[in-house]
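If you read the protein sequences in the order shown, they are chains A and B.
FYI, our numbering numbers position 6 of the first sequence as 7, with every residue one higher than the one before it.
FYI, our numbering numbers position 110 of the second sequence as 111, with every residue one higher than the one before it.
Backbone N, C-alpha and C define an ideal beta-carbon position, used for all residues, glycine too.
The structure presented is a predicted model; accordingly, all values stated were derived computationally and were not measured.
Working notes, structure below.
2 protein chains.
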Amino acid sequence: MPKLRLKPENASPPEALAPSESQLAIQAQFIELFVSAAGVLGVPRSIGEIYGVIFAAPQPLTFQEIVERLNLSKGSVSQGLRALRSLGAVRTAYVPGDRRDYFEPETELRNLVAGLLRDRINPHLEQASDRLGKVRQQVSAGQGLSSTEAEVLRSRVNKLESWRKKSALLLPLVAKVLG
Amino acid sequence: MPKLRLKPENASPPEALAPSESQLAIQAQFIELFVSAAGVLGVPRSIGEIYGVIFAAPQPLTFQEIVERLNLSKGSVSQGLRALRSLGAVRTAYVPGDRRDYFEPETELRNLVAGLLRDRINPHLEQASDRLGKVRQQVSAGQGLSSTEAEVLRSRVNKLESWRKKSALLLPLVAKVLG
DNA sequence: TAAGCTGTTTAGAAAAAAATGAACAAGCTT
DNA sequence: AAGCTTGTTCATTTTTTTCTAAACAGCTTA
Numbered sequence: 002m003p004k005l006r007l008k009p010e011n012a013s014p015p016e017a018l019a020p021s022e023s024q025l026a027i028q029a030q031f032i033e034l035f036v037s038a039a040g041v042l043g044v045p046r047s048i049g050e051i052y053g054v055i056f057a058a059p060q061p062l063t064f065q066e067i068v069e070r071l072n073l074s075k076g077s078v079s080q081g082l083r084a085l086r087s088l089g090a091v092r093t094a095y096v097p098g099d100r101r102d103y104f105e106p107e108t109e110l111r112n113l114v115a116g117l118l119r120d121r122i123n124p125h126l127e128q129a130s131d132r133l134g135k136v137r138q139q140v141s142a143g144q145g146l147s148s149t150e151a152e153v154l155r156s157r158v159n160k161l162e163s164w165r166k167k168s169a170l171l172l173p174l175v176a177k178v179l180g
Numbered sequence: 002m003p004k005l006r007l008k009p010e011n012a013s014p015p016e017a018l019a020p021s022e023s024q025l026a027i028q029a030q031f032i033e034l035f036v037s038a039a040g041v042l043g044v045p046r047s048i049g050e051i052y053g054v055i056f057a058a059p060q061p062l063t064f065q066e067i068v069e070r071l072n073l074s075k076g077s078v079s080q081g082l083r084a085l086r087s088l089g090a091v092r093t094a095y096v097p098g099d100r101r102d103y104f105e106p107e108t109e110l111r112n113l114v115a116g117l118l119r120d121r122i123n124p125h126l127e128q129a130s131d132r133l134g135k136v137r138q139q140v141s142a143g144q145g146l147s148s149t150e151a152e153v154l155r156s157r158v159n160k161l162e163s164w165r166k167k168s169a170l171l172l173p174l175v176a177k178v179l180g
């Protein structure tokens with residue numbers, strides 16, 4: 002008989018028992034929810050699954066538990082957890098006398114949104130600011146444009162500038178409402 | 002000598018002349034900007050290009066002009082324009098005596114954001130509401146949970162509910178600030 | 001009604017993104 | 001130090017998304 006890949010059940014570390022059937026059903030619902038959210042946010046499905054399974058767990062989960070419950074490869078889980086930590090969406094919890102990492106969810110919307118803004122939105126906004134300056138220059142210097150054309154282009158650049166300002170106004174407001 | 006694929010230059014329809022060099026440079030800058038924005042929003046690059054080229058043009062563009070300026074296939078442009086129209090990001094402009102469609106950009110941030118919310122966010126929020134009800138039910142009915150575990154899960158569900166409420170609060174506010 | 005435009009649809013190719021799995025590092029334990 | 005355990009890295013494979021090209025539909029004019 003080949004190796005059966007049994008879990009070592011005797012040396013009892015402090016991890017959760019195998020989830021009951023109803024726990025599994027609940028977990029599945031949570032995961033669905035976050036997978037759908039991942040779709041909206043444009044992040045990989047697996048990241049939604051990982052956050053979901055952590056969010057659905059009453060206690061912090063180990064890396065190994067995440068891998069087993071989701072049937073994902075270690076590689077995917079490792080990468081997914083890295084992304085989630087960088088967003089501040091999961092934290093590691095310390096468990097005395099256990100070398101393994103335990104993961105628990107950040108549940109404050111304010112902090113989750115802040116992470117998204119920091120990691121995904123802000124860098125692009127800054128880059129956009131640079132580009133916008135460049136466009137403005139070129140439009141000013143523009144040769145070979147009829148004056149009405151030049152006028153339209155200037156107004157387009159001004160529109161963009163006003164978008165930028167409104168965004169800059171909006172983001173702090175978002176933070177405030179969520180806090 | 003094989004066919005040279007000349008544009009018929011004699012029958013002069015009301016479309017713009019070939020853009021000058023500086024117009025091309027300006028156009029390129031605008032396009033870069035919107036391609037980058039497409040990245041943030043998670044829409045295909047080609048859609049960013051199409052919106053960009055329309056935004057950069059002092060006059061409305063024809064389908065054919067978009068195809069030529071971007072070196073995209075007719076298929077991509079057709080699909081991209083459909084998506085942009087569905088978002089309300091481009092409109093068709095009527096030109097008397099011309100059978101072709103002319104495209105011009107929606108430039109009000111308020112309307113652009115409204116389109117995104119309508120097409121991309123709202124459907125997911127509604128779906129999330131449904132799922133959330135389901136989870137709540139299952140957590141209430143949940144067997145095989147210790148009472149502390151059940152307590153944590155209930156609080157997680159409540160968190161989700163509060164996220165939903167805050168989002169519902171936030172979206173109108175966004176509309177207001179942008180208007 | 002044939003022939004020419006204008007644009008749409010869609011099967012399949014090409015490109016991009018995501019997931020896997022095997023090698024590897026780092027830390028314990030014996 | 002040899003052998004676990006825990007997790008990371010990264011080259012490769014798989015899956016998904018995006019783009020293309022060719023057929024086609026609907027008008028308009030000859």
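Integer Cβ distance of residue i from residue j, believed to fall under 8 angstroms
| i | j | result |
| --- | --- | --- |
| S87/B | D120/B | 6 angstroms |
| F104/A | V91/A | 5 angstroms |
| T63/B | R100/B | Between R100/B and T63/B the Cβ distance is about 10 angstroms, and since that is not below 8 angstroms, they are no contact. |
| G1/A | G43/B | Nothing can be reported for residue 1/A: it is not among the residues displayed for chain A, which extend from 2 to 180. |
| K166/A | Q30/B | Incorrect: roughly 19 angstroms between the Cβ atoms, too far for contact. |
Own chain partners of residue i with C-beta closer than 6 angstroms, once the 5 adjacent residues on each side are dropped
| i | result |
| --- | --- |
| L171/B | none |
| L174/B | none |
| S77/B | S47 |
| G40/A | none |
| N159/B | none |
| L161/B | L133 |
Chain-order list of residues whose beta-carbon lies under 8 angstroms from that of residue i (same chain, five-residue window excluded)
| i | result |
| --- | --- |
| E10/A | The pLDDT assigned to E10/A is 37, lower than 50, so where the model puts this residue is not dependable, and the model offers no usable value. |
| L110/B | L179 |
| H125/B | none |
| V68/B | S74, K75, V78 |
| A19/B | none |
Residues near residue i in its chain [Cβ-Cβ closer than 7 angstroms; skip 5 each side]
| i | result |
| --- | --- |
| L117/B | L88 |
| V36/A | R46, G49, E50, G53 |
| N123/B | none |
| S141/B | none |
| D131/B | none |
| V153/A | none |
Residue closest to residue i, alpha-carbon to alpha-carbon, out of the options
| i | options | result |
| --- | --- | --- |
| Q128/B | A38/A, I27/A, Q28/A, S21/A | A38/A |
| I32/B | T93/B, V41/B, P45/B, G53/B | G53/B |
| S21/A | G40/B, Q139/B, N159/B, V175/B | Q139/B |
| R157/B | L133/B, Q144/B, P173/B | L133/B |
| R155/A | G145/A, R70/A, S47/A, R137/A | R137/A |
| W164/B | T108/A, S147/A, L174/A, E162/A | T108/A |
| A176/A | A115/A, H125/A, T149/A | A115/A |
| Q24/B | L113/A, G143/A, S74/A | G143/A |
| S148/B | L34/A, A29/A, Q60/A, V41/A | Q60/A |
| A57/A | A84/A, E152/A, R83/A, Q28/A | Q28/A |
| L113/A | E150/A, L85/A, G145/A, E66/A | L85/A |
Contacts of residue i in chain A (Cβ-Cβ under 8 angstroms)
| i | result |
| --- | --- |
| L33/B | As written in the sequence, residue 33/B is Glu, which differs from the Leu given in the question. By Cβ distance, chain A contributes R132. |
| V175/B | L171, V175 |
| P61/B | Ordered by position in chain A, no residue passes the 8 angstroms Cβ test against P61/B, which lies about 11 angstroms from the chain. |
| A115/B | Within 8 angstroms Cβ-Cβ: nothing; A115/B doesn't reach chain A, min ~14 angstroms. |
| A129/B | L34, S37, A38 |
Proximal chain A residues relative to residue i, where beta-carbon distance stays under 9 angstroms
| i | result |
| --- | --- |
| I48/B | Ordered by position in chain A, no residue passes the 9 angstroms Cβ test against I48/B, which lies about 14 angstroms from the chain. |
| R121/B | V41 |
Closer than 7 angstroms at the beta carbon, the chain A residues around residue i
| i | result |
| --- | --- |
| G43/B | G43 |
| V68/B | The premise fails here: V68/B is roughly 22 angstroms from chain A at the closest Cβ pair, so nothing lies under 7 angstroms. |
| L110/B | W164, K167 |
Partner residues on chain B for residue i, Cβ-Cβ distance less than 8 angstroms
| i | result |
| --- | --- |
| I55/A | Result: empty, since nearest Cβ-Cβ is about 10 angstroms, beyond 8 angstroms. |
| V1/A | This structure leaves residue 1/A out entirely; chain A is present only between 2 and 180. |
Interface residues of chain B facing residue i [CB-CB closer than 9 angstroms]
| i | result |
| --- | --- |
| I183/A | Shown here, chain A extends from 2 to 180; a query on residue 183/A therefore has no answer. |
Check your understanding: Got a sec: which bits of the region 76-107 of chain A sit with their beta carbon under 7 angstroms from any beta carbon on chain B, in order along the chain?
Key -> none
Check your understanding: When you check each C-beta in the region 138-158 of chain A against every C-beta of chain B, which residues fall closer than 7 angstroms?
Key -> Q139, V140, G143, Q144, G145, L146, E150, V153, L154, R157
Practice item. Anything in the region 17-29 of chain A with a Cβ closer than 8 angstroms to a Cβ of chain B? List those residues in chain order, please. Key: S21, E22, S23, Q24, A26, I27
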